[in-house]
Every structure is written in structure tokens, then in C-alpha cells.
Amino acid sequence: MSTHAPSRLTVFALLVGLAACGSGVPGDPGTLAGQTLETPYTKTFRVVERDGYRIVDIEASLVTWGGSAGGPPQHARLVLVPRGQEPPPLTGDLADASLIRTPVRRIAVNDQPHEAMLRALGVEDRIVAVGGHNSYDDDLRRMARSGQIQQIGYGWHMPPTLDALVAARPDVLVKRMADLTHTQHLERVESLGIPVVPTFINAEPHYLGRVAWVLLMGLLTGKESEAEGFVEQVAREVDRLKALAAEQPRRSVLWSWYRSAGNRWAVTQRNADAALIRDANAELVLGAADDPELDSFSDLSTERLLRDATGADCWMIREPLAAVFDDRAVLSRFKAYRDGCVFWAPGKRHPTADSWEMWEMGIIRPDWLLADIVKMLHPELRDGEWRYLAPETWKASYVDADQQ
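Numbering (this note's numbering), first residue to last: 73 to 476.
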């Protein structure tokens, strides 16, 4: 099935209703009347349109890092109303929904992929607050460090810093949700008159669902056509790479990184990350069935890898912050090591900042990583430079590994 986006603009949005529910585990808001809009790739929301505005429902499980869902799926409802239009009364099926006026002009974000989405649409100048001073973008990092824009804390480990958020005077906070305990803080944010758009990018079961979040930013900022063009561009390139890989013999890959504590490995097994590997015409060794209630990787032992994964043709052995594993006695038992097909992910680290493009723009450009995976697995296609992957050097320093 082709991954091309439809020619007609398909929009979706996330909602802020989470913050309006004091329990922290919102219930299903019920059925919704209106004209349903087609939303390609995403599986976590639906959009309807009526009377000139859009209503968005989302359902997603909040999965802990490397673990499982911490509670029932989250449900919420958002109403996006153009500036100048009379908003509907928030009663009936809109009771407890959150209202956002569009296009938004001042945006606070707390995760680097949010920054990338806005930059892809050419509206990064609307960012008035970021998570911290480690933006991959030079201008955003400079402004954060100089105090021109606020630092509200990165969303993967903390709720937003309220003083900094209020000082930024945003029209909306686009907030990565990483913990159910953050919900009470979102209630406080909304009580201050700042609508919240909680995001669940990693809840998308397919990697193109992550790309579709650019459509949300387009809807919020009035850049719908630019967002559609971006998604179509990525989808076309994914189709091209999949077709190229399909012409090559099928190979197998173990995708993991060493946890450095004991003999544990984080092994990619399912969901969006596994789909990317399968689309490179590869069998994912130790792969498992997709499950939206589980993270994409599991914690497995060295013994499990030795028992079930030594026959993999290639091995992606570590990610940017992972420890080097250089036990040659163990490595020599793997076919990938003996054949010289062991890779790591430098991730295109910024030369002067503690930041990686792979975890910023790379989240919404999975075709860039897919291109590297295709080259890793199929030596006949290894032309041009690597972007995120590189042959393993077993050297921890980026300088020593020739990645600076």
C-alpha cells in the first residue's frame, strides 16, 4: 500500500482536555457529531468539522520509557476556532473541551521535535519558550541562553516551570506528556489562561504517524498547505526507499543498545521503530507483535541475545548516549561481528551543543534514518554519506570515532 498522503489537506490536532479533568485519567468524552475528516497515518485521534471550526478527539496510552501503559487510555477533546469567528458554546458534546484560537502567534514548547516541526513550517519565530538551552537550532539555543525566549523545562522528566511560562505569554503550550503526574500541573497552567496541547508522538504505532504531527502544527499556525506538502515529501521518499530495498535480498538485523548496568540490553522489538526496520526489507531479530500498551523496546539479557540473536546479518549496537560494549569474546559469537556489519548511531550530534538531529528533526524525517538502515543492510546500496548511522568503532569519544 502506498504511503503517499492524499492531495486534499487532511488535518488533525491534539487536545487539551486532559488538563480539564482533575482525575488525571480522563474518561471517554463520548460520541461527536460533525463531518469526519480523513486523517492519514495517525491512529491516535480523529477530527470532525462543523460550522467553520474543527473538533479533535484523541485517545492514546501513556507508556513509560521501556515499559508499559501506566493506566487506561487518555481521552480528550479540543475545539479549534479561527480568530474573528464566534466560538461555539462549550456545552453538550463540547462540555469540558478546551478552546484554542487559530492561528496561534506565540508558542511555548517543551520538546525538541516540536521545535523541528515549527521550523519545518517556517514559523520558528513564533516560539517564545523552549525546554532548555540544548536546542539543535543555533538561533533558538542562542535566544534561550541569552534570555530572549524562556526556558520552561524539557517534558520528558518534568512539568513546565510556571514562572517562566507565564513570563513568555504564549497563546498555547505544546506539551510533551511523559508522566500522568504532570496532569495536575496542566490544570494549573490552564487556570492561568494558557491552553495546553499535550502531545503523544511516541504513541503513534507507525513512524509516519509521528510525521503527521506536523499537520497539527500547520493547523495551529495557519500553515496547513505547507504541512501537507512536508508530509507528502516525506511519504514519497519513504516509498522510494522501500521500493529500492525491496529489490535487494532480505536480511536480518538486531537493533539494540547496551544498558551498561549488569548485562542488560534495550532491544527494539515492536511498533513504529520496528516498522522502520521492516520497511528496509529486513527481519527484526527478537521482534515481537506490535502493542500500543508497550514501548518499542524491551530490556533483555546478554544471555537472551546469545541464545536467539547470534545469526543476525547486521547489528545496530548502540545509540548516541549508550555505553560501548567491547567484550570480544561475546561479540565474536555474533555473525554480524564476524562479517563486519556492526553499526552504531552517532545521530548527527551538534558540534557545539548537547543535542542530536536524530532526536529533533529526525523524528519527523524518518526517511533520513530509513536511508541509512537500507544502506547498512544492503551493501550494494552503500553510496554517499551516512547521516545517523556509522560502522561501529568501539570508541566512546565522538572525536575518536571520527564523528565530530
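Don't be surprised by glycine CBs; every beta carbon is placed ideally from N, CA and C.
Integer-rounded CB distance, given that residue j should sit under 8 Å from residue i
i, j, result
"F415", "L461", "5 Å"
"T233", "I224", "5 Å"
"I179", "V246", "6 Å"
"A384", "H278", "Contact doesn't hold; Cβ gap of about 23 Å is too wide."
"L356", "W327", "7 Å"
"L212", "E187", "6 Å"
"T293", "R191", "About 12 Å separates the two Cβ atoms, so there is no contact after all."
"D371", "G138", "6 Å"
"F272", "M289", "Not quite, the Cβ-Cβ distance comes to about 15 Å (not below 8 Å), so this is no contact."
"G203", "G227", "6 Å"
"V244", "V269", "6 Å"
"E298", "G434", "The pair is not a contact, with the Cβ atoms about 20 Å apart (cut-off 8 Å)."
"R118", "T111", "7 Å"
"N335", "S373", "6 Å"
"E106", "I127", "In the sequence on display, residue 106 carries Gly and not Glu. That pair is a contact at about 6 Å."
"A360", "W387", "Wrong, their Cβ atoms sit about 18 Å apart, outside the cutoff."
Proximal residues to residue i (C-beta, below 6 Å), its chain only, five neighbours per side dropped
i, result
"G419", "P392, W428, M430, Y460"
"H257", "P231"
"R454", "K447"
"A317", "A352, N353, V446"
"F42", "Nothing about residue 42 can be reported from this structure: the residues present for the chain run from 73 to 476 only."
"P451", "none"
Residue i in three-state terms, based on DSSP
i, result
"L104", "coil"
"A443", "helix"
"M249", "coil"
"A462", "strand"
"A354", "strand"
"H422", "coil"
"L237", "helix"
"Y125", "strand"
"Q157", "coil"
"L162", "coil"
"L453", "helix"
"C93", "A caution first: C93 carries a pLDDT of 37, below 50, which makes its placement in the model unreliable, though a value can still be read off. Correct three-state label for C93: coil."
"M230", "coil"
"H278", "coil"
"R322", "coil"
"S207", "coil"
"V261", "helix"
"L193", "coil"
"A480", "Outside the shown range of the chain, which is 73 to 476, sits residue 480, and nothing can be said about it."
"A395", "coil"
"G361", "As written in the sequence, residue 361 is Ala, which differs from the Gly given in the question. Coil at A361, not helix or strand."
"A188", "helix"
"A167", "coil"
"A468", "coil"
"P98", "Interpretation of P98 is limited by its pLDDT of 47, a score under 50 that renders its predicted location unreliable; no figure is taken from the coordinates."
Range of the contiguous alpha helix (DSSP H) that encloses residue i
i, result
"L292", "285-293"
"Y409", "407-410"
"E375", "374-380"
"V402", "400-403"
Which residues DSSP lists as bridging residue i, in chain order
i, result
"A201", "A180, Q222"
"F117", "I130"
"S140", "L366"
"M388", "W327, F415"
"I435", "According to DSSP, I435 bridges with nothing at all."
"I172", "L152"
"P270", "K247"
"D371", "A338"
"V135", "A141"
"W428", "R421"
"H147", "E131"
"L109", "V119"
Opening and closing residue of the beta strand (DSSP E) in which residue i lies
i, result
"Q305", "Taken as a continuous stretch (DSSP letters only), Q305 belongs to no beta strand (DSSP E), being part of the alpha helix (DSSP H) at 296-318."
Nonlocal neighbours in the same chain, by C-beta distance under 7 Å from residue i, ignoring five residues either side
i, result
"T75", "Confidence is the limiting factor: at T75 the pLDDT is only 37, short of 50, which leaves the residue's position unreliable, though a coordinate-based value still follows. The residues are L280, A307, V310, D311."
"L432", "Correcting the residue identity first, residue 432 is Glu in this sequence and not Leu. Closer than 7 Å at the Cβ level, and outside the excluded window around E432, lie Q184, P185, E187, A188, Y208."
"E276", "T114, K115, T116, R282, A344"
"L72", "Residue numbering for the chain in the displayed model covers 73 to 476; residue 72 lies beyond these limits and cannot be assessed."
"H205", "R213, A216, R217, Q223"
8 Å CB neighbourhood of residue i in its chain, flanking five on each side removed
i, result
"T174", "L152, V153, P154, R155, L291, L292, T293, G294"
"Q157", "G124, Y125"
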